[in-house]
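See below:
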């Protein structure tokens, strides 16, 4: 722990690093200020009420999560960095399909710069489209949100929100370039983390003011939170290390242990992406339920109803989709054939395995296994809080429903009714960004000859024979 | 501390060089009236706190007396920039060698030694001899270093006030000093000041080539020969495949099978066969990628590397260990010992060890940013003595190389008929030779510069300005020597001037503008007339790599290339700075053990063990043995550190496949290796003492022979044995063309 604080103090001893950290904090502060400036022409409180009632949890919920609650408050930053994220994902996906893009991506700095430029343009285009959608929806809805409806309102909203979005993009890039950590991730991180004080206050109220929560409940919640964070850290750092040997050009008399070259395959390579894809897809039936056609048809509403939140089928589908998108994402970012080719090109090989097809197959097999594990991990993370809140409605299953209803514990079926302030997804993002940022700071510290955060001193070392 | 910093700031940086010039000029006028003896007395009287104006004026006046060369104001300005610790950009022919002298004297008068780092041994010797008389008047000793000098002469040279040497020699001596076992063997003093000639070449182009000292056990030579015979039996495109740009070569499945059968070693890719696989890989590279007389030459029974960029044999440079052996086996010459790498340093790191460096070159301005960022060196552009009237004619672009070469030959033939001297610059040996063939066919007599002989090279360059001379040279050849119009001595000068002076033809644009400017600067020295023109082709490496199609502006393509290359160098530096830091720490520890009276082996041993040993042997015996042991152990584990770091570095790009940041992984990995080193140092010392016998009042350690410093040898190695990507692309394209 001492070491941790030392490392922390070191950050401020190094002028360059200090400047970077302060710059980052300043940029984040600017971002938060924007979070309180409302978009003109909207009855914000009316909208926020509406949003809390209807949209939370679905696709818009994620949207809101990434914008740090700015969507529900309809501030000038309401679009958040979603357009940028979407643009990045689109270009990433396109790079798989379009050879020119793929070539650019591999061309080094200049190519990457070009892609960044296109990402920016696409971001603006998406922001315009989204802000138009929002403006039109606001005006068209019966919630009376818009004070002075009309074309001018729509144009103004497009201008405001697009500018806000572009500004956020700029903030993020500035942080990446002149600050520390990845700017976009940090902006999302801040958006989530600002909910923390409110959550603490609410919990405090429940326990000490309203007294509707027992202290035990508080302890359980905190314990679960800590356990979940620990679990996330554990798995996020988890990787399968495929050893890579390569024809050495430099002769060493003996090699020390633990330094062998390896290719690390992360258990959860896709991060939160599979969850977002899966829940966006699953939000469709719920949205469909709102349509009159569906509402009026018993058959259709039953079908979509079975897919609604906390139905067993919903959970099952959710898991399947998360795992599916996990595989999908990994297949995009990691091509075993390419890795094997690359390995061969550099004169590397996996000990005991022939280069070429054998190597590709071997990597593919390992990749499949850990991606499955990663998918299940994501499923647990995404579902646990939801189950804890509202349970699994197993009693709705055909045939054995009644039996389950009678014999299964109520908390499993109806949930604990506990409100989680941080869902699994948010925690995953927060932990991931925090870990990345700390790694970056640590790299800076080591580069400037200070010790980093990661404790190493306590490691047990075996005695090795000398001479 | 900030006071000192402030002082330094005010004292060295804040003044404009111009501000002192009038004072110096005035003082020169006064001094020029004095007799030689009076000047000698005045010069010798300057003490350890020299005043700039006095020193510079004296130096200028003495230079005129001794060499008969009057120092121009711009030369004094250059010297002032050097004295401030800047890079002075001075055009070719402006007299850099002399311009450095006042600054060198000013530094030397601090009596802590000045190194003047030159581009090659020949220039070190020439410049030291040329300027020595001026230094002598100031009572300063001067010497030059060259290869193969014995240690005593080196020590004496380093003890001189001014030492002329190549950066490589200084670096090698530093590495050797890092391995000595007694203080008497050291040859260098602590570094103080360095004045770097051709600063861009040394600090940027060659800054990253590691200087290596190796020694100890050698590999099994039989293996290289055995593997070589197996590789000879393989068929290109069936058993192995070189890639498009000839940067790499891979065995095919059938090739793997053949090798496995021939060697009878089971699967090549078993962990136990790593050594064999490495040798196979190296032999394959040696046979498939490296070509005799192009990539290397065989001379006096040894394989010597050709520096493609400079276009000549790279002295003292080798390929990484195994590849060198494989080549030697391929050419059936005796295998040089490889040993293990005991120490290594880059020129960039070496420069960082001086208290102050400054430098001069004809071309620095385009690299201003890099000098500032990497070395914290500002660049001062010194105006020319007379305006440059050289005509830089617009580039001419051809569709392909063949058309370009035809045009060049035609141009040379046409201009040559008038008798005007011509210098043709090429990018590589291969280019210069093919152009030479074409000129031969066209019946144009010419000389080609690509021999490894600085002296002869300087002579050819000096004559390149003679009437009717046609000289083909690679970009870097003969730097440091002037091309005098009308030859040397300039007997036909007037005629050459009338013909328009030297005509420089460039055959390709380099990735860095300054290399082109260096070539252009060959013409139009000292206000002479001259002209330059570049003949380019769309197939030139620069344009192929950075895409002319989208951007027809060659200058901006070059700028892109420059910033990219700078970025690459800076990334590399991020990786290396931590190793650098570790080396400094270990070096400091080693010096402390070697030189400090306060150091005791007690700091390395557990208390009880120390007490026990001291009681058994006496403190003196223990301390002597302890120092000897500690030095040996440090050298040993430092070599391991280097090997481990190299291993880590070689494979670090794999982690980016797993979505991790290679820089972070590398830095934490190196940190861990370094912590291991400290831990192992103590452990091995304790173990060695535990296993030692005390006989005749002396400790005998197991494996005593390991503590003797065996033979060592130094060489430069190369980061990229098969060239950078662009060099390879260029080669590959050339080859494809040849096949057609």
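Chains as they are written, first to last, in my numbering: chain C, 199 to 665; chain V, 52 to 791. Ideal Cβ positions, reconstructed from N, Cα and C, are used throughout, including at glycine.
The beta carbons of residue 471/V and residue 575/V sit no closer together than 8 Å. For residue 633/V, the enclosing alpha helix (DSSP H) starts and ends at 605–646.
Secondary structure of residue 286/V (DSSP, three-state): coil. By the Cβ test, the segment 506–520 of chain V is not in contact with the segment 454–466 of chain V, since fewer than three Cβ pairs between them sit closer than 8 Å. With its beta carbon at least 8 Å from every one in chain V, residue 334/C lies outside the interface.
Think of a sphere of 7 Å around the beta carbon of residue 645/C: the chain V residues whose beta carbon falls inside it are 625, 628, 629 and 718, in chain order. In the structure shown, the three-state DSSP call for residue 650/V is coil. Fully enclosed beta strand (DSSP E) runs of no fewer than 3 residues occupy 213–217 and 244–248 of the segment 206–264 of chain V, in order along the chain. Two segments are said to touch when three or more pairs of C-beta atoms, one from each, lie closer than 8 Å; by this definition the segment 400–411 of chain V does not touch the segment 272–285 of chain V. Bridge partners of residue 463/C according to DSSP: 438/C.
Here the alpha carbon of residue 372/C sits roughly 16 Å from the alpha carbon of residue 278/C.
At a cut-off of 8 Å between beta-carbon atoms, residue 299/V makes contact with chain C. Under a 10 Å Cβ-count criterion, residue 409/C is classified as exposed, with fewer than 16 other Cβ atoms of the shown protein chains found around its own Cβ. Restricted to the segment 295–371 of chain V, the beta strand (DSSP E) segments that are unbroken, complete and at least 3 residues in length are 300–302, 347–350 and 353–358, listed in chain order.
A straight-line Cα-Cα distance of about 27 Å links residue 382/C and residue 617/V.
Think of a sphere of 9 Å around the beta carbon of residue 715/V: the chain C residues whose beta carbon falls inside it are 637, 638, 640, 641 and 644, in chain order. Residues of chain V whose Cβ lies closer than 7 Å to the Cβ of residue 551/C are, in chain order, 320. Annotation: the continuous beta strand (DSSP E) that includes residue 165/V extends over 165–169.
For residue 407/V, the secondary structure class from DSSP, reduced to helix, strand or coil, is strand. Only 611, 615, 618 and 625 from the segment 607–626 of chain V bring a Cβ to less than 7 Å from some Cβ of chain C. Sixteen is the threshold: since fewer than 16 other Cβ atoms of the shown chains lie within 10 Å of the Cβ of residue 180/V, the residue is exposed. Between residue 234/C and the set 392/C, 202/C, 208/C and 401/C, the nearest pair of CA atoms involves 392/C. With a contact defined as Cβ atoms closer than 8 Å, residue 565/C and residue 463/C qualify at about 6 Å. Neighbours of residue 461/C in chain V, taken as residues whose beta carbon is under 8 Å from its own, are 705, 706, 708 and 709 in chain order. Judged by beta-carbon spacing, residue 274/C lies beyond the 8 Å limit of residue 343/C, meaning their Cβ atoms are not closer than that value. For residue 553/V and residue 398/V, the gap between their C-alpha atoms comes out near 34 Å.
For residue 325/V, the chain C residues whose C-beta falls within less than 7 Å of its own C-beta are 443, listed in chain order. Rounded to the nearest angstrom, the gap between the Cα atoms of residue 467/V and residue 494/V is 11 Å. Straight-line spacing of the CA atoms in residue 399/C and residue 419/C works out to 15 Å.
Within the same chain, 750 come within 6 Å of residue 676/V by CB-CB distance, once the 5 residues on both sides are set aside. The shortest C-alpha to C-alpha distance from residue 765/V to any of 492/V, 742/V and 263/V is the one to 263/V. Here residue 443/V carries a strand assignment [DSSP, helix/strand/coil].
Taking a cut-off of 8 Å for Cβ pairs, the segment 377–393 of chain V and the segment 143–157 of chain V do not touch, as fewer than three such pairs fall below it. Sequence-distant Cβ neighbours of residue 374/C in its own chain, meaning closer than 8 Å and more than five residues away, are 380, 381 and 382.
Rounded to the nearest whole angstrom, the CA to CA distance from residue 205/C to residue 465/C is 29 Å.
A contact between stretches requires three or more CB pairs, one per stretch, nearer than 8 Å, and the segment 556–575 of chain V meets this requirement with the segment 474–484 of chain V.
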